[in-house]
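> The structure that follows is given in the form of structure tokens.
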Amino acid sequence: MSEDHPSYGIIRIPIDRVGALIGRGGKTKAQIEKYASVELLIDSETGEVEVRGSDDPIRALTTVSVVQAIGRGFSPEKAIALYNDNYQLVVISLRDYAKPGSRRIQQIRARIIGTGGRTRSIIEELTSVHISVYGDTVSLIGDYVSVEYAKEAVIKLILGSKQRTVYTYLEKVAREVRLKRIEETFG
């Protein structure tokens, strides 16, 4: 693609995630470029990624979110789910809930992940949302309804709610979500 194609955004991702974006032998990068009809210009020294050109601006802008999701620790397979019209990426900065230099961020991360990843798995299972805890962020990928409930659960954990309280909240919400989906399907 040439210089006359528009740029849809420049995203900086952690250098240690550049390899995941490129993929073995450039496979992941090529798949994203082909699917979205874009060109990814990746600077592996700085972690800057530019998304250029596309006949479909919505798909190109979604590619910006896909790149950001991979940069936030998601596998490319999970990040590509963002091309589904109903899916979104939500990134929660743990810095908003802890003082700089405090150990609070590590404590929050541990609460969200849980022993052996149990808490994260339960939230993912009950909401059908993918969760990545990477650096000072917690990121969520899912449909618009489910991602809001998962975000609420994560924030409850950040603010100190007991895991059991959050699980009970999610079990109640899971029933509501199923009913909403049935209503949407059968109108």
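End of the sequence shown sits at 1288 in the working numbering; the numbers just go up one at a time, nothing left out.
Even for Gly, the Cβ is constructed at its ideal location relative to N, Cα and C.
Given this structure, state the Cα-to-Cα distance separating SER1103 from GLY1154, to the nearest angstrom.
For the purposes of this step, residue 1103 is taken as the residue at position 2 of the sequence shown. For the purposes of this step, residue 1154 is taken as the residue at position 53 of the sequence shown. Because the pLDDT at SER1103 is just 47, under 50, the model does not fix this residue reliably, and the value given afterwards should be weighed accordingly. Cα to Cα, the separation comes out at about 8 Å.
> What are the boundary residues of the beta strand (DSSP E) that SER1153 is part of?
As a position in the sequence shown, residue 1153 is number 52, starting the count at 1. Note that residue 1153 is Arg in the sequence shown, not Ser. First-last of the beta strand (DSSP E) with ARG1153: 1149–1153.
> Would LEU1190 pass as a contact of ILE1242 if the rule is Cβ separation under 9 Å?
Within the sequence shown, residue 1190 is the residue found at index 89, counting from 1. Within the sequence shown, residue 1242 is the residue found at index 141, counting from 1. Cβ atoms of LEU1190 and ILE1242: closer than 9 Å.
> Tell me the DSSP secondary structure of GLU1140 in three-state form.
Position 39 of the sequence shown holds residue 1140. Reduced to three states, the DSSP call for GLU1140 is strand.
> What does a CB cutoff of less than 6 Å around TYR1250 pick up in its chain, not counting 5 residues either side in sequence?
Taking the sequence shown and counting its residues from 1, one reaches residue 1250 at position 149. Correct list, in chain order: THR1228, VAL1274.
> Once you ignore the five residues that flank SER1291 on each side, which residues in its own chain have a CB closer than 6 Å to its CB?
Shown here, the chain extends from 1102 to 1288; a query on residue 1291 therefore has no answer.
> Give the DSSP bridge partners of SER1194, in chain order.
The residue you call residue 1194 lines up with position 93 of the sequence shown. Answer is THR1238, bridged to SER1194.
> Determine whether the beta carbon atoms of ILE1259 and ILE1223 lie at a separation below 9 Å.
Here residue 1259 refers to the residue found at position 158 of the sequence shown. Here residue 1223 refers to the residue found at position 122 of the sequence shown. No, the pair does not count as a contact, with Cβ atoms beyond the cut-off.
> According to the neighbour-count rule (16 or more other Cβ atoms, all chains shown, within 10 Å of its Cβ), is ILE1217 buried or exposed?
Taking the sequence shown and counting its residues from 1, one reaches residue 1217 at position 116. Checking the sequence, you will find Gly at residue 1217 rather than Ile. Classification of GLY1217: exposed, given that the 10 Å Cβ count is below 16.
> Taking ARG1210 as part of the alpha helix (DSSP H), name the residues at either end of that continuous run.
Position 109 of the sequence shown, counted from the first residue, corresponds to residue 1210. Taken as a continuous stretch (DSSP letters only), the alpha helix (DSSP H) holding ARG1210 covers 1205–1214.
> Three-state secondary structure (DSSP) at SER1103?
The residue labelled residue 1103 in the question sits at position 2 within the sequence shown. Note that SER1103 scores 47 on pLDDT, short of 50, meaning its location in the model is unreliable; the coordinates nonetheless yield the value given after this. Three-state result, SER1103: coil.
> Do ALA1180 and ALA1161 have their C-beta atoms within less than 9 Å of each other?
Here the question's residue 1180 lines up with position 79 in the sequence shown. Here the question's residue 1161 lines up with position 60 in the sequence shown. Cβ atoms of ALA1180 and ALA1161: not closer than 9 Å.
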